[in-house]
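Participant:
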Amino acid sequence: MSLFLHLQPNAAADSRYPLVAYESFGALFCRTLRDRAREIMDLSPLAMVSPCDCTVSVLGTVEGDRVPQVKGATYSLKAFLGINPKVREGHKLMYCVLHLAPHHYHHFHAPCEFSQTVRRHMHGECLPVFRSFLAKFNDIFSVQERVILSGSWIFGGFHIAAVAACNVGDIRLEKEPDLRTNQDRVVLRHLGGDVDIRTYRAAAAAAAATAAAAAATTNGHIHLQPNSSSSSSKGPQRGVLMGPPPQQQQQQQQQQQQQQQQQQQQQQQQQQQQQLIPALLGWVWA
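All letters in the sequence shown, in the order written, are residues -5 to 280 by our numbering.
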């Protein structure tokens, strides 16, 4: 316990429960935090925050299939993700490698408004990931045990990967409590190992519908304005999605007016017919 407190001096203050309540060192290592222990200011949906307590190892723009894992060593992005990521025309693909040291809080969270559609569990190794080791060999990340969460956010495709390490091979997901990593020692089929894929069909359908609606109404452009309900002058205001441009709004209004006029005409015709039928019946009876 003294060693753990030396590595994580703020553990007692940040933990949801007293340290003596944890049954093992592993449970203490993967503890949950108390509410508001990592409070994040209310930012725009365009913003992105760190998904975990960490240090940034590498950050940059993807310019090919090879991406730096640390300075001097690279890995294959396609082998790492299990797919070849798509990039919208006029957009760039960015990457960021985050390192969790033993003294860091070891949960990870969504860094943005992210709609997850696919989970890939890539069976692999649990090699060390400290900087000096990563600098000696290429493709360490591509053969490592990992879980890839793929989906989209406001700017397009998005992938977040949880990579195992030596003595830290158990990756858990809150929405998939049955997922178990670091269990099967399989022979690698390719760089990235055996792959277990799960698709969240409802989320995928919702994401596709949202993208189609956005493309139909805004021609692929996002219109933002500050939220008038936010009166705080400190920090960025939350952005809200706007409707179509003014010209499209006028066209839509005209179409709605035409539909309303047609409905009114149909109602008038029906009323006239209803009035005519009793009159004819009365004339025939007379």
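Cβ coordinates follow ideal geometry from the N, Cα and C atoms, glycine included. Just so you know, these numbers come straight off a predicted model, no measurement behind them.
Considering only the alpha carbon of each residue, which of 128, 139, 150, 133 lies closest to residue 120?
Facilitator: Here residue 120 refers to the residue found at position 126 of the sequence shown. When only C-alpha atoms are compared, the closest one is 139.
Participant: Are the CB atoms of residue 30 and residue 282 within a distance shorter than 9 angstroms?
Facilitator: There is simply no residue 282 to check, as the chain begins at -5 and stops at 280 in what is shown.
Participant: Around the Cβ of residue 25, are there at least 16 other Cβ atoms within 10 angstroms (buried) or fewer (exposed)?
Facilitator: Mapped onto the sequence shown, residue 25 falls at position 31. Buried, by the Cβ-count rule.
Participant: From which residue to which residue does the beta strand (DSSP E) around residue 109 run?
Facilitator: Start at 1 with the first residue of the sequence shown, and residue 109 comes out as number 115. Residue 109 -> beta strand (DSSP E) spans 109 to 116.
Participant: Would you check if there are 3 or more beta carbon pairs closer than 8 angstroms linking the segment 108 to 119 to the segment 79 to 98?
Facilitator: Flag = no, the segment 108 to 119 and the segment 79 to 98 do not touch.
Participant: Would residue 53 be called buried (16 or more neighbouring beta carbons within 10 Å of its own) or exposed?
Facilitator: Locating residue 53 in the sequence shown gives position 59, where the first residue counts as 1. Burial call: exposed.
Participant: Report yes if the C-beta distance between residue 129 and residue 67 is below 9 angstroms; otherwise report no.
Facilitator: Along the sequence shown, read from residue 1 onward, the residue named residue 129 stands at position 135. Along the sequence shown, read from residue 1 onward, the residue named residue 67 stands at position 73. Cβ atoms of residue 129 and residue 67: closer than 9 angstroms.
Participant: Three or more C-beta pairs under 8 angstroms: does that hold for the segment 14 to 22 against the segment 75 to 82?
Facilitator: No contact exists between the segment 14 to 22 and the segment 75 to 82.
Participant: From the DSSP output, which residues share a beta bridge with residue 193?
Facilitator: Along the sequence shown, one-based indexing puts residue 193 at 199. For residue 193, which the question treats as bridged, DSSP gives the partners 112.
Participant: Is residue 114 near the ligand COA, with its Cβ less than 8 angstroms from a heavy atom?
Facilitator: With respect to the ligand COA, the structure offers nothing, as it holds no ligand at all.
Participant: So, using beta-carbon positions, are residue 137 and residue 159 closer together than 9 angstroms?
Facilitator: Taking the first residue of the sequence shown as position 1, residue 137 is located at position 143. Taking the first residue of the sequence shown as position 1, residue 159 is located at position 165. Going by C-beta atoms, residue 137 is not nearer than 9 angstroms to residue 159.
Participant: Compare the beta carbon distance of residue 101 and residue 27 with 9 angstroms and say whether it is the shorter of the two.
Facilitator: In the sequence shown, counting from the first residue as 1, residue 101 sits at position 107. In the sequence shown, counting from the first residue as 1, residue 27 sits at position 33. Their beta carbons are under 9 angstroms apart, which means residue 101 touches residue 27 by this criterion.
Participant: Per DSSP, what are the beta-bridge partners of residue 153 in this structure?
Facilitator: Reading the sequence shown from its first residue, position 159 is the one you call residue 153. Note: residue 153 sits in a beta bridge opposite 144.
Participant: Which residue from 58, 141, 45 puts its Cα closest to that of residue 190?
Facilitator: What you label residue 190 is simply residue 196 of the sequence shown in a count that begins at 1. For residue 190, the nearest C-alpha among the options comes from 141.
Participant: How about residue 109 and residue 150: do their beta carbons lie closer than 9 angstroms?
Facilitator: As a first step, residue 109 is located in the sequence shown; it is residue number 115 there, counting from the start. As a first step, residue 150 is located in the sequence shown; it is residue number 156 there, counting from the start. Taking 9 angstroms as the Cβ cut-off, residue 109 and residue 150 do not qualify as a contacting pair.
Participant: Excluding sequence positions up to five away, which residues of its chain have a Cβ less than 6 angstroms from the Cβ of residue 169?
Facilitator: Taking the first residue of the sequence shown as position 1, residue 169 is located at position 175. Same-chain partners within the cutoff: there are none.
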